[in-house]
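Let me begin by presenting the structure, written as structure tokens, before commenting on it.
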Amino acid sequence: MAWMWPTATCWWPLAGPWPRTSRSTSDPTVAALTVTVSDALGDRRSCRSFTPEPLDVGLLDDLVDAARRTPTAGNCQGVEFLLLEGADVASYWETTLSAERRAGFPWPGFLVAPAIVVPFGLPSRYLARYGEPDKVATGLGAGSDAWSVPYWLTDAAFAALALQLLVVEAGLGCCFFGLFEHEAAVRRRFGVPEEARAVGAIAIGYPEPSGARSSRSTARGRRPLDEVLHRGAW
2 MAWMWPTATC WWPLAGPWPR TSRSTSDPTV AALTVTVSDA LGDRRSCRSF TPEPLDVGLL
62 DDLVDAARRT PTAGNCQGVE FLLLEGADVA SYWETTLSAE RRAGFPWPGF LVAPAIVVPF
122 GLPSRYLARY GEPDKVATGL GAGSDAWSVP YWLTDAAFAA LALQLLVVEA GLGCCFFGLF
182 EHEAAVRRRF GVPEEARAVG AIAIGYPEPS GARSSRSTAR GRRPLDEVLH RGAW
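Right under this line is the structure:
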């Protein structure tokens, strides 16, 4: 069970017995730190270079256990996670990248991440939940076409973001990336139900700072608040 550390502003679940330590610092004596949600949001960066060092046994289970507690429509809990480690990670890349593309991949350190997690939304759980007596009047149990917004993807996205913040809290690196045209092949390779839909995948591991590369995307900076906050009207 994930345990909790108090902070001045909130309670935030740590990854079981693994309090956050900074693997990106050169100082090995850095003590475990308590991280707020704001800290995790500010610290999160897409990591594209990992060490192949395996993660502690049970750590990923605890991270996913915490991430799955994000809201779901009608509390239907229709998000499930495909966790890949070791040889399964290599199989993922063999399924989604040809040998030629892997050989010329611009971020070779990305391919050695020790774990990949893919959150999937299952529409059938949403249709079943919204066919129950307290929800049937919404009409959303009639079929997936009744949903103007596919909440199985919305809820999977909630879980994906929560998992990334928990990864940062645990002192690890991560990168969210799309499955795109490979989603069906990934489902077939790993026995995922045909109905399941993914919003993307998350590579997780210890960052390898020496493999970091500059990016035009990160150089863009953040838009100021007054450009994105519309108070009262757009």
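Just so we're aligned, residue 2 is where the sequence shown starts under my numbering, counting upward by one. All C-beta atoms, glycine included, are put in the ideal place defined by N, C-alpha and C. Remember, it's a predicted structure, so these values are computed and weren't measured experimentally.
Beta-carbon proximity list for Tyr196, same chain, < 7 angstroms, skipping 5 on both sides: According to the sequence displayed, residue 196 carries Glu and not Tyr. Cβ-Cβ distances below 7 angstroms link Glu196 to Leu123, Pro124, Ser125 in the same chain, with the five nearest sequence neighbours on each side left out; the list follows chain order.
Inter-residue spacing [alpha-carbon to alpha-carbon] between Tyr207 and Ala91: Near 17 angstroms, if we compare the C-alpha coordinates of Ala91 and Tyr207.
First through last residue of the alpha helix (DSSP H) which encompasses Gly43: Per DSSP, Gly43 belongs to the alpha helix (DSSP H) from 38-44.
Inter-residue Cα distance where the pair is Ala74 and Thr35: Cα to Cα, Ala74 sits roughly 31 angstroms from Thr35.
Alpha carbon of Arg224 to alpha carbon of Ser39, nearest angstrom: Using only the alpha carbons, I get a separation of about 17 angstroms.
Per DSSP, cross-strand counterpart(s) of Phe191: Looking at the DSSP output, Phe191 shares a beta bridge with no other residue.
Other residues of its chain near Thr71: CB distance less than 6 angstroms, five sequence neighbours each side excluded: By the criterion of a C-beta distance shorter than 6 angstroms, Thr71 is surrounded in its chain by Phe159, Ala160, Ala163, once the five residues flanking it on both sides are discounted.
Cutoff 7 angstroms; reference Arg45; Cβ partners in own chain excluding five residues on either side: Counting only Cβ-Cβ distances below 7 angstroms, and skipping sequence neighbours, we find Gln165, Leu166, Val169.
Cβ neighbours of Leu85 in the same chain (closer than 8 angstroms, five flanking residues each side left out): The residues are Ser92, Tyr93, Ala116, Ile117, Val118, Val119, Phe191.
Pick from Glu81, Arg49, Trp153, Gly142 that is closest to Val193, judged by C-alpha positions: Cα-wise, what sits closest to Val193 is Glu81.
Residues of its chain near Ser145, where Cβ-Cβ distance is below 6 angstroms and the 5 sequence neighbours each way are ignored: Cβ within range, chain order: Pro124.
Start and end residues, alpha helix (DSSP H) containing Leu61: Where Leu61 is concerned, the enclosing alpha helix (DSSP H) starts and stops at 60-68.
Residue nearest to Asp156 in terms of C-alpha spacing, selected from Arg189, Ala88, Ala199: Closest in C-alpha terms to Asp156, from the list Arg189, Ala88, Ala199, comes Ala199.
Chain-order list of residues whose beta-carbon lies under 7 angstroms from that of Gly132 (same chain, five-residue window excluded): Within the same chain, Gly142 come within 7 angstroms of Gly132 by CB-CB distance, once the 5 residues on both sides are set aside.
Sub-8 angstroms separation of Phe111 and Phe51 beta-carbons: The answer is yes: Cβ separation under 8 angstroms.
Reference Val65, options Phe178, Pro55, Thr219, Leu83, closest by Cα: Taking only the C-alpha atoms, the option nearest Val65 is Leu83.
Buried/exposed call for Thr96, threshold 16 Cβ in 10 Å: By the 10 Å Cβ count, Thr96 comes out exposed.
Whole-angstrom distance between Leu56 and Cys11, CA atom to CA atom: The pLDDT assigned to Cys11 is 33, lower than 50, so where the model puts this residue is not dependable; a value taken from the coordinates is nonetheless given after this. One C-alpha to the other measures close to 27 angstroms.
Where Asp135 falls, given that 16 or more other Cβ within 10 Å makes a residue buried: Counting other Cβ atoms within 10 Å of its Cβ, Asp135 stays below 16 and is therefore classed as exposed.
For Ala116: DSSP bridge partner residues: DSSP output for Ala116 lists Glu86, Ile205 as bridge partner(s).
DSSP three-state assignment for Val168, whether helix, strand or coil: In this structure, Val168 counts as helix in the three-state DSSP scheme.
Identified DSSP bridge partners for Pro122: The sequence given here places Gly at residue 122; Pro does not occur at that position. For Gly122, which the question treats as bridged, DSSP gives the partners Val80, Arg198.
Nonlocal neighbours in the same chain, by C-beta distance under 6 angstroms from Arg221, ignoring five residues either side: Counting only Cβ-Cβ distances below 6 angstroms, and skipping sequence neighbours, we find nothing.
Beta carbon of Pro53 nearer than 8 angstroms to that of Val113: For the pair Pro53 and Val113, the CB atoms are nearer than the 8 angstroms cut-off.
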